[in-house]
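Engineer: Protein chains in written order, with our numbering: chain W, 1 to 236; chain D, 1 to 244. Here's a structure for you.
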Amino acid sequence: MAKMYQSNSSFIDEKMIRFFDIAQSSLLPLLEGALYYTIPLTFISFCIGLILAVLSAIARISTIKIFQKISRVYVSIIRGTPLLVQLFIIFYGLPNIGIILDPFPSAIIGFSLNVGAYGSEIIRAAILSIPKGQWEASFSIGMSYRQALKRIILPQASRVSVPPLSNTFISLVKDTSLASLVLVTEMFRKAQQIAARENEFLLLYAEAGLIYWVICFLLSIIQMKIENRLERYIAK
Amino acid sequence: MVRVTNLIKQFGELEVLKGMELNIEKGKIVVLIGPSGSGKTTFLRCLNVLETPTSGIVEIDQKVLDFSNSVSKKAVIQFRSLTGMVFQNYNLFPHMTALGNVMEGPVTVKKIPKQLAQKKAEELLQKVGLANKMNDYPFQLSGGQQQRVGIARALAMEPKVMLFDEPTSALDPELVGEVLKVMEDLAKDGMTMIVVTHEMRFAKDVADEVIFMDGGHIVEQGPPEQIFNRPQEARTRQFLRVLE
Ligand SMILES: Nc1ncnc2c1ncn2[C@@H]1O[C@H](COP(=O)(O)OP(=O)(O)OP(=O)(O)O)[C@@H](O)[C@H]1O
Ligand SMILES: [Mg+2]
Numbered sequence: 001m002a003k004m005y006q007s008n009s010s011f012i013d014e015k016m017i018r019f020f021d022i023a024q025s026s027l028l029p030l031l032e033g034a035l036y037y038t039i040p041l042t043f044i045s046f047c048i049g050l051i052l053a054v055l056s057a058i059a060r061i062s063t064i065k066i067f068q069k070i071s072r073v074y075v076s077i078i079r080g081t082p083l084l085v086q087l088f089i090i091f092y093g094l095p096n097i098g099i100i101l102d103p104f105p106s107a108i109i110g111f112s113l114n115v116g117a118y119g120s121e122i123i124r125a126a127i128l129s130i131p132k133g134q135w136e137a138s139f140s141i142g143m144s145y146r147q148a149l150k151r152i153i154l155p156q157a158s159r160v161s162v163p164p165l166s167n168t169f170i171s172l173v174k175d176t177s178l179a180s181l182v183l184v185t186e187m188f189r190k191a192q193q194i195a196a197r198e199n200e201f202l203l204l205y206a207e208a209g210l211i212y213w214v215i216c217f218l219l220s221i222i223q224m225k226i227e228n229r230l231e232r233y234i235a236k
Numbered sequence: 001m002v003r004v005t006n007l008i009k010q011f012g013e014l015e016v017l018k019g020m021e022l023n024i025e026k027g028k029i030v031v032l033i034g035p036s037g038s039g040k041t042t043f044l045r046c047l048n049v050l051e052t053p054t055s056g057i058v059e060i061d062q063k064v065l066d067f068s069n070s071v072s073k074k075a076v077i078q079f080r081s082l083t084g085m086v087f088q089n090y091n092l093f094p095h096m097t098a099l100g101n102v103m104e105g106p107v108t109v110k111k112i113p114k115q116l117a118q119k120k121a122e123e124l125l126q127k128v129g130l131a132n133k134m135n136d137y138p139f140q141l142s143g144g145q146q147q148r149v150g151i152a153r154a155l156a157m158e159p160k161v162m163l164f165d166e167p168t169s170a171l172d173p174e175l176v177g178e179v180l181k182v183m184e185d186l187a188k189d190g191m192t193m194i195v196v197t198h199e200m201r202f203a204k205d206v207a208d209e210v211i212f213m214d215g216g217h218i219v220e221q222g223p224p225e226q227i228f229n230r231p232q233e234a235r236t237r238q239f240l241r242v243l244e
């Protein structure tokens, strides 16, 4: 009886050692995945997406019907279909019509289009939230529509959009895990590979989850700092 | 300097200005009074073309805009530069300092070099008594200070006529004086001004002419002592009585 207990205990010890061993040895590859893929994917997609978002928002509030329409359809399609389906169409679908893209650019395109569509709604709402008096004051000192938009309205609208855009950004960090399914070796795909090799699924997925959480936690602290700073420079 | 002929403004079915006529000589101060909803704000906004009049002719400094014909955006922007507008709630740009607010028009619209524009903006802020507040943001300024920045911002574009829409009515009583003082100084400098205000003391002391407006047209106009002491129209008398 005592012997059995002992062997069992050493079995548990061994398991623990192996557990920590894998946790430790997988940390570096996971962080590499985050550093080389997850984070660049997030940043690049967010930047391109923001440009798309601003253009789409401006098109949407313009008086030119065709621009409005294009923007509306774009936003509707992207928001009305699952991100995973979009990624699959770009990576696995487009080759059927001769467009073959590597995993990473495919993911960039997918995520950028996504940020563009959600950001478009955010920025449009922010522009509309700037009091009419700001437009009128701009016009009254002789500005054109473009000048007013660029110098007066967008700078304020961008401040208004910081909180919702930060949320989009944080969602994006997490959404990049979907890129694993179009073969980008970002953090979660690395986790899958190591988990399969070591047969330690719970450990690896939890570890990946923990790293996502740390990244998002740090980002939300930065978000709070920025928001506090910007709030007072917006017309009420 | 300003001549308005048969100016009509409709919002859909509602006719707000029913054929306004006005003639103001250079350097004159005109105060516009009248009950709420009589069209005072709409009239100023038409002169500044923030509203497009339905029809009528506006002439400022020998430049004419006839709204019976359609007018181009470019013509509107050019015409607008003849007037400077001061708003009831200041409408300062909150993301720019006082100096930035005043420089914005000259730099962005007139493409004046930054250094030159800054020098001019500093002079203007000095003139409105804000030499020590140049680098403050609007949220750091009192209402009276903000409105003075608003005046400097309009002046920076060197308008021929200044339009004031109740410039002091959003202010705490103790701050009204400092804004009126700036306006009086401006009048002394020979600026042509149209002022919508409830400050009857300002009207009595500074105005060359007082216009009483009701229901979208001018009921009575004349020098302040006539309007306030010997009003001819019953409607004017009634309005002034309520005011007191
Ligand atoms: N954009 C608009 N659309 C429809 N109606 C308008 C618009 N702007 C003003 N009006 C109407 O025009 C009339 C005149 O308004 P205006 O603001 O010119 O009056 P006011 O003399 O400035 O009044 P107050 O002393 O209250 O400022 C009002 O009946 C108002 O409801
Ligand atoms: Mg008004």
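C-beta atoms are modelled at their ideal positions from N, C-alpha and C, and glycine is treated no differently. Nothing here was measured: the structure is a model prediction, and the numbers come from that model.
Since residue 190 of chain W and residue 30 of chain W should fall inside the 8 Å C-beta cutoff, what is the C-beta to C-beta distance between them, to a whole number of angstroms?
Structural biologist: For the purposes of this step, residue 190 of chain W is taken as residue 190 along the first sequence, with counting starting at 1. For the purposes of this step, residue 30 of chain W is taken as residue 30 along the first sequence, with counting starting at 1. Sure, about 6 Å apart at Cβ, within 8 Å.
Engineer: For residue 222 of chain W, count the other beta carbons within 10 Å of its own beta carbon; 16 or more makes it buried, fewer makes it exposed. Which is it?
Structural biologist: Counting from 1 along the first sequence, the entry for residue 222 of chain W is found at position 222. Classification of residue 222 of chain W: exposed, given that the 10 Å Cβ count is below 16.
Engineer: Does the CB of residue 139 of chain W have a neighbour CB from chain D at under 9 Å?
Structural biologist: Your numbering for residue 139 of chain W matches position 139 in the first sequence. Cβ-Cβ to chain D under 9 Å: yes for residue 139 of chain W.
Engineer: Would you identify the three-state DSSP class for residue 32 of chain W, choosing helix, strand or coil?
Structural biologist: Locating residue 32 of chain W in the first sequence gives position 32, counting from the first residue. Helix at residue 32 of chain W.
Engineer: What is the rounded straight-line gap between the Cα of residue 47 of chain W and the Cα of residue 147 of chain D?
Structural biologist: Reading the first sequence from its first residue, position 47 is the one you call residue 47 of chain W. Reading the second sequence from its first residue, position 147 is the one you call residue 147 of chain D. Rounded to the nearest angstrom, the two C-alpha atoms are 39 Å apart.
Engineer: How should residue 169 of chain D be labelled, buried or exposed, when 16 other C-beta atoms within 10 angstroms of its C-beta is the threshold for buried?
Structural biologist: Residue 169 of chain D sits at position 169 when you count from the first residue of the second sequence. Result: exposed.
Engineer: Of all the options D:75, D:79, D:56, which has the alpha carbon lying nearest to the alpha carbon of residue 68 of chain D?
Structural biologist: Working through the second sequence from its first residue, we reach residue 68 of chain D at position 68. The residue from D:75, D:79, D:56 with its alpha-carbon nearest to that of residue 68 of chain D is D:56.
Engineer: Consider the C-beta atom of residue 166 of chain D and the heavy atoms of ligand 1; say whether any pair is separated by less than 8 Å.
Structural biologist: Taking the second sequence and counting its residues from 1, one reaches residue 166 of chain D at position 166. Under cutoff, so the answer is yes.
Engineer: Anyone know if the C-beta pair for residue 152 of chain D and residue 128 of chain D falls short of 9 Å?
Structural biologist: Taking the first residue of the second sequence as position 1, residue 152 of chain D is located at position 152. Taking the first residue of the second sequence as position 1, residue 128 of chain D is located at position 128. For residue 152 of chain D and residue 128 of chain D, yes; Cβs fall inside 9 Å.
Engineer: Is it true that the CB of residue 216 of chain D sits closer than 9 Å to the CB of residue 17 of chain D?
Structural biologist: Translated into the one-based positions of the second sequence, residue 17 of chain D becomes position 17. Translated into the one-based positions of the second sequence, residue 216 of chain D becomes position 216. Their beta carbons are under 9 Å apart, which means residue 17 of chain D touches residue 216 of chain D by this criterion.
Engineer: At a Cβ cut of 8 Å, what residues of the stretch 147-176 of chain W count as close to chain D, listed as they run along the chain?
Structural biologist: 147, 151, 152, 155, 156, 159
Engineer: Listed from N- to C-terminal order along the chain, which residues in the stretch 100-122 of chain D have their beta-carbon within a distance smaller than 8 Å of any beta-carbon of chain W?
Structural biologist: 104, 105, 108, 109, 110
Engineer: Within its chain, find whatever has a CB closer than 7 Å to the CB of residue 42 of chain D; leave out the 5 residues flanking it on each side and keep chain order.
Structural biologist: Reading the second sequence from its first residue, position 42 is the one you call residue 42 of chain D. For residue 42 of chain D, where only same-chain residues beyond five positions count, the Cβ hits under 7 Å are 9, 16, 17, 51.
Engineer: Let's test the definition: count the other Cβ atoms within 10 Å of the Cβ of residue 175 of chain W and tell me whether it reaches 16, buried, or not, exposed.
Structural biologist: Residue mapping note: residue 175 of chain W aligns to position 175 of the first sequence, counting from 1. Label assigned to residue 175 of chain W: buried.
Engineer: Quick one: grab the DSSP three-state call for residue 86 of chain D.
Structural biologist: The count along the second sequence starts at 1 and reaches residue 86 of chain D at position 86. Looking at residue 86 of chain D - three-state DSSP - the assignment turns out to be strand.
Engineer: Taking Cβ-Cβ distances below 7 Å as the criterion, which residues of the stretch 216-236 of chain W are in contact with chain D?
Structural biologist: 232, 233, 234, 235
Engineer: Given a threshold of 16 other Cβ atoms within 10 Å of its Cβ, counted over all protein chains shown, does residue 147 of chain W qualify as buried or as exposed?
Structural biologist: Here residue 147 of chain W corresponds to residue number 147 of the first sequence, with the count starting at 1. Result: buried.
Engineer: List the residues of chain D that residue 144 of chain W touches, going by C-beta distances under 7 Å, in chain order.
Structural biologist: Numbered from 1 along the first sequence, position 144 holds the residue referred to as residue 144 of chain W. Near residue 144 of chain W (Cβ distances below 7 Å), the residues of chain D are 77.
Engineer: Cβ of residue 188 of chain D within 8 Å of any heavy atom in ligand 2?
Structural biologist: Along the second sequence, read from residue 1 onward, the residue named residue 188 of chain D stands at position 188. No, Cβ of residue 188 of chain D sits at least 8 Å from all heavy atoms of ligand 2.
Engineer: Quick one: what's got a C-beta closer than 7 Å to residue 165 of chain W's C-beta in the same chain, skipping five residues either side?
Structural biologist: On the first sequence, residue 165 of chain W is found 165 positions in, with the first residue counted as 1. Closer than 7 Å at the Cβ level, and outside the excluded window around residue 165 of chain W, lie 119, 122.
Engineer: Is residue 213 of chain D helix, strand or coil when you go by DSSP?
Structural biologist: On the second sequence, position 213 is the one that residue 213 of chain D refers to. Residue 213 of chain D sits in a strand when the DSSP states are folded into three classes.
Engineer: Can you name the residues that DSSP bridges to residue 32 of chain D?
Structural biologist: Locating residue 32 of chain D in the second sequence gives position 32, where the first residue counts as 1. Paired residues: D:196, D:211.
Engineer: Around the Cβ of residue 162 of chain W, are there at least 16 other Cβ atoms within 10 angstroms (buried) or fewer (exposed)?
Structural biologist: If you number the first sequence from 1, residue 162 of chain W lands on position 162. Buried: at least 16 other Cβ atoms inside 10 Å.
Engineer: Got a sec? Which residues, its chain only, sit under 7 Å from residue 1 of chain W by beta carbon, not counting five neighbours each side?
Structural biologist: One-based indexing of the first sequence puts residue 1 of chain W at position 1. Only weak support is given to the placement of residue 1 of chain W: the predicted model assigns it a pLDDT of 47, under 50, and the question is left unresolved by the model.
Engineer: Is residue 213 of chain D close to ligand 1? I mean its beta-carbon at under 8 Å from any heavy atom of the ligand.
Structural biologist: Against the second sequence, residue 213 of chain D aligns to sequence position 213. Yes, the beta carbon of residue 213 of chain D sits closer than 8 Å to at least one heavy atom of ligand 1.
Engineer: Is the CB-CB distance between residue 99 of chain D and residue 125 of chain D below 9 Å?
Structural biologist: Position 99 of the second sequence, counting from 1, holds the residue named residue 99 of chain D. Position 125 of the second sequence, counting from 1, holds the residue named residue 125 of chain D. Cβ distance < 9 Å, so residue 99 of chain D and residue 125 of chain D count as in contact.
Engineer: Can you find a C-beta in chain W that's less than 9 Å from the C-beta of residue 255 of chain D?
Structural biologist: Because chain D in this structure spans residues 1 to 244, residue 255 of chain D falls outside the shown range and cannot be described.
Engineer: Nearest CA to the CA of residue 244 of chain D: which residue from D:77, D:198, D:23?
Structural biologist: For this step, residue 244 of chain D is matched to residue 244 along the second sequence. The residue with the shortest Cα to Cα distance from residue 244 of chain D is D:198.
Engineer: Reducing DSSP to helix, strand and coil, say where residue 58 of chain D ends up.
Structural biologist: The residue labelled residue 58 of chain D in the question sits at position 58 within the second sequence. Residue state, collapsed to three classes: strand.
Engineer: Report yes if the C-beta distance between residue 150 of chain D and residue 172 of chain D is below 9 Å; otherwise report no.
Structural biologist: The count along the second sequence starts at 1 and reaches residue 150 of chain D at position 150. The count along the second sequence starts at 1 and reaches residue 172 of chain D at position 172. No, these two residues do not count as a Cβ contact at 9 Å.
Engineer: Any heavy atom of ligand 2 within a distance shorter than 8 Å of the CB on residue 41 of chain D?
Structural biologist: Walking along the second sequence from the start, residue 41 of chain D turns up at place 41. Yes, ligand 2 has a heavy atom inside 8 Å of this Cβ.
Engineer: Would you say residue 207 of chain W reaches chain D, if we count a Cβ-Cβ gap shorter than 9 Å as a contact?
Structural biologist: As a working note, residue 207 of chain W is residue 207 in the first sequence. No, no contact with chain D.
Engineer: Give me the Cα-Cα distance between residue 42 of chain W and residue 107 of chain D, rounded to the nearest whole angstrom.
Structural biologist: Indexing the first sequence from 1 puts residue 42 of chain W at position 42. Indexing the second sequence from 1 puts residue 107 of chain D at position 107. The straight-line gap from Cα to Cα measures roughly 37 Å.
Engineer: Kindly indicate the opening and closing residues of the beta strand (DSSP E) around residue 10 of chain D.
Structural biologist: Position 10 of the second sequence, counting from 1, holds the residue named residue 10 of chain D. Its beta strand (DSSP E) spans residues 2-11.
Engineer: Taking all protein chains shown into account, decide if residue 51 of chain W is buried (16 or more other Cβ within 10 angstroms of its Cβ) or exposed.
Structural biologist: As a first step, residue 51 of chain W is located in the first sequence; it is residue number 51 there, counting from the start. Classification of residue 51 of chain W: exposed, given that the 10 Å Cβ count is below 16.
Engineer: Return the CA-CA distance between residue 233 of chain W and residue 2 of chain D, expressed in angstroms with no decimal places.
Structural biologist: By 1-based counting over the first sequence, the position of residue 233 of chain W is 233. By 1-based counting over the second sequence, the position of residue 2 of chain D is 2. Using only the alpha carbons, I get a separation of about 37 Å.
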